[in-house]
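Reading through the structure tokens given below for one structure.
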Amino acid sequence: MKSCFVNFACFIITGVGVSSDGKRIYVTNSTDGQLFTLTRDVEVAATLADLAFKCTNSSCNLHVVATGQVFVFGNYTLSQVDTDGKKILNTMILDIDMIHIGSVYFSKDTSKMMIGLINNNHVLEFNTNMDMAFRNFHF
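Here the sequence shown stands for residues -19 to -1, 1 to 120, where the numbers follow mature numbering (1 follows the signal peptide of the UniProt record, and there is no 0).
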């Protein structure tokens, strides 16, 4: 096991994920709506900021799928980001009053996206179509 230290003293880290090949580490700061992509040597390779990444709850707002896709979510949004962490590929907005996204999971076997919601007992389930050429999801 390898340990590392990155000085992110100016904000709170809310999400950490690793690419399926182990070459990239993803770190989110949901307070400021930022995604940092780090190399295996813990160098910042990319920074992406978007208001859609802001999240008021303290749960992890990042999910890296075994097939390589990266998802970052805010209170009401779910965004797919390219594997380099440089641009947003898709964003889905949930228009549900007073309900925030708490967790996200994607099953590559069933092609279903599941979204756990905070403040209720519901899990939303979506069938997805994955464009294998671009590795983008269509909800």
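Where a beta carbon is used, it is the ideal one built from N, C-alpha and C, also for glycine. Please read these numbers as outputs of a predicted model, since none were measured by experiment.
query                                                                                                                                                         : result
Hey, which unbroken runs of the beta strand (DSSP E) at 3 residues or more fall wholly within the stretch 57 to 91?                                           : 58 to 62, 69 to 74 and 81 to 88
Considering only residues of the same chain and omitting the five flanking positions on each side of G55, which have a CB-CB separation below 6 Å?            : A33, F34, K35 and C36
What distance in whole Å lies between the Cβ atoms of V62 and L16, which are believed to be in contact at a cut-off of 8 Å?                                   : 6 Å
Is V(-2) helix, strand or coil when you go by DSSP?                                                                                                           : strand
Is T20 buried or exposed, if buried means 16 or more other CB atoms sit within 10 Å of its CB?                                                                : exposed
From the DSSP output, in three-state form, read off A33 for me.                                                                                               : helix
How is I(-7) classed by DSSP in three states: helix, strand or coil?                                                                                          : coil
Applying the criterion that 16 or more other CB atoms from any shown protein chain within 10 Å of the CB defines a buried residue, is H103 buried or exposed? : exposed
What does E24 pair with, by DSSP beta-bridge criteria?                                                                                                        : Note: E24 sits in no beta bridge, so no partner.
Smallest Cα separation from Y86: which of S(-1), T(-6), N71 and V51?                                                                                          : V51
Quick one: grab the DSSP three-state call for N101.                                                                                                           : coil
With respect to the beta strand (DSSP E) encompassing V46, which residues constitute its N-terminal and C-terminal limits?                                    : No beta strand (DSSP E) holds V46; DSSP gives it neither H nor E.
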